[in-house]
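Numbering (the working numbering), first residue to last: 4 to 218.
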Amino acid sequence: MKFAKLLRKGVVLVCLAWMPLTPLTAMAVEVPNTSELKEQCEKALTNLASYKSSEFGFSIKYPQNWEKAEGQPPLICRFLTDNGLVSYRVSAEKLSVPMTVEEYAKNVNQELEKQYPVKGSPLTRVEESACKIGSLDAHKSIYILKLDAEGSSAKMLQYLVVANQIAYAFNYTAIEGAYDAFMPLIDEAVKSLEFQPVTAGGADQSKSNHSSESK
4 MKFAKLLRKG
14 VVLVCLAWMP
24 LTPLTAMAVE
34 VPNTSELKEQ
44 CEKALTNLAS
54 YKSSEFGFSI
64 KYPQNWEKAE
74 GQPPLICRFL
84 TDNGLVSYRV
94 SAEKLSVPMT
104 VEEYAKNVNQ
114 ELEKQYPVKG
124 SPLTRVEESA
134 CKIGSLDAHK
144 SIYILKLDAE
154 GSSAKMLQYL
164 VVANQIAYAF
174 NYTAIEGAYD
184 AFMPLIDEAV
194 KSLEFQPVTA
204 GGADQSKSNH
214 SSESK
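Here it is as structure tokens:
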């Protein structure tokens with residue numbers, strides 16, 4: 004399915020120029036019905052594992068029955084289901100200078116505006132606000148991504164966080180008909196995010212550490 008391939012290639016919004024959005028073409032998207040999607044979400048919530056990156060100092064929960072993949076920095080990990088119609092991922096960037104999350108978010112927005120000027124852009128920001136993830140200040144944005152001339156679209160949720168001089172981006176993307184059904188899982192994943200200082204030993208590790216645990 005073309006939509007799934009686009010998600011895997013980087014349609015998911017990622018800060019700065021980390022992963023350019025792929026140009027979109029017309030496509031037909033079949034979405035499972037709402038009851039099926041909610042059932043998938045409930046099942047996923049009953050069997051969560053923990054992903055930990057020692058190199059980038061964070062951990063997050065994910066459903067064990069979803070596809071899991073590690074990427075090359077800045078993309079650290081991603082979790083997908085329904086052939087990529089629904090996914091979330093974490094990207095991380097080590098900052099060369101101290102920066103607040105609002106300063107970082109401003110830079111992200113400036114880069115996006117350069118890449119996607121308002122006129123004729125397939126990408127529209129529909130919500131933006133300051134928030135918290137745990138005790139940390141965070142920046143929340145929601146985007147609508149137009150997929151074709153017939154009105155198909157994807158909805159994208161992004162949280163930006165800066166901790167221990169590392170900038171993190173959590174991105175959840177779903178075809179719009181599936182977005183709301185998986186929000187209980189996404190809320191749980193965001194609440195599970197934890198950040199730890201990176202030690203010299205952790206930074207030298209070439210692979211992230213993983214552990215599994217039931218919710």
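Note that CB positions come from ideal geometry on N, CA and C, so glycine has one too.
### Query
Taking the continuous alpha helix (DSSP H) assigned at residue 45, which residues delimit it?
Position 42 of the sequence shown, counted from the first residue, corresponds to residue 45. 37-48 is the span of the alpha helix (DSSP H), which, as asked, contains residue 45.
### Message
I'd like the span of the alpha helix (DSSP H) that includes residue 86, first residue to last.
### Response
Walking along the sequence shown from the start, residue 86 turns up at place 83. Looking at the DSSP string, residue 86 is not in any alpha helix (DSSP H), and its letter there is neither H nor E.
### Query
Which stretch, first to last residue, makes up the beta strand (DSSP E) that contains residue 195?
Here residue 195 is taken as the residue at index 192 of the sequence shown, counted from 1. Taken as a continuous stretch (DSSP letters only), residue 195 belongs to no beta strand (DSSP E), being part of the alpha helix (DSSP H) at 186-195.
### Query
In this structure, does DSSP put residue 24 in helix, strand or coil?
One-based indexing of the sequence shown puts residue 24 at position 21. Low local confidence applies: a pLDDT of 34 at residue 24 is under 50, so the model's placement there is unreliable, and no value is given.
### Query
Going by other Cβ atoms of all chains shown within 10 Å of its Cβ, with 16 needed for buried, is residue 131 buried or exposed?
Here residue 131 is taken as the residue at index 128 of the sequence shown, counted from 1. Exposed: under 16 other Cβ atoms inside 10 Å.
### Task
Would you kindly report the start and end of the unbroken alpha helix (DSSP H) that includes residue 112?
Working through the sequence shown from its first residue, we reach residue 112 at position 109. Looking at the DSSP string, the run of the alpha helix (DSSP H) that includes residue 112 is 104-118.
### Task
Check whether the Cβ atoms of residue 171 and residue 160 lie closer than 7 Å to each other.
As a first step, residue 171 is located in the sequence shown; it is residue number 168 there, counting from the start. As a first step, residue 160 is located in the sequence shown; it is residue number 157 there, counting from the start. Contact: no.
### Task
Classify residue 129 as buried or exposed, calling it buried when 16 or more other Cβ atoms lie within 10 Å of its own Cβ.
Taking the sequence shown and counting its residues from 1, one reaches residue 129 at position 126. With fewer than 16 Cβ atoms within 10 Å of its Cβ, residue 129 is classed as exposed.
### Query
Which same chain residues, not among the five before or five after residue 144, have their C-beta less than 7 Å away from its C-beta?
On the sequence shown, residue 144 is found 141 positions in, with the first residue counted as 1. The answer, listed in chain order, is 128, 130, 131, 161.
### Query
Hey, residue 44 and residue 188: beta-carbon distance below 7 Å or not?
The residue labelled residue 44 in the question sits at position 41 within the sequence shown. The residue labelled residue 188 in the question sits at position 185 within the sequence shown. Yes, Cβ-Cβ distance for residue 44 and residue 188 is below 7 Å.
### Task
Compare the Cα-Cα distances from residue 88 to each of 124, 155, 104, 105 and report the closest residue.
For this step, residue 88 is matched to residue 85 along the sequence shown. The candidate whose alpha carbon is nearest that of residue 88 is 155.
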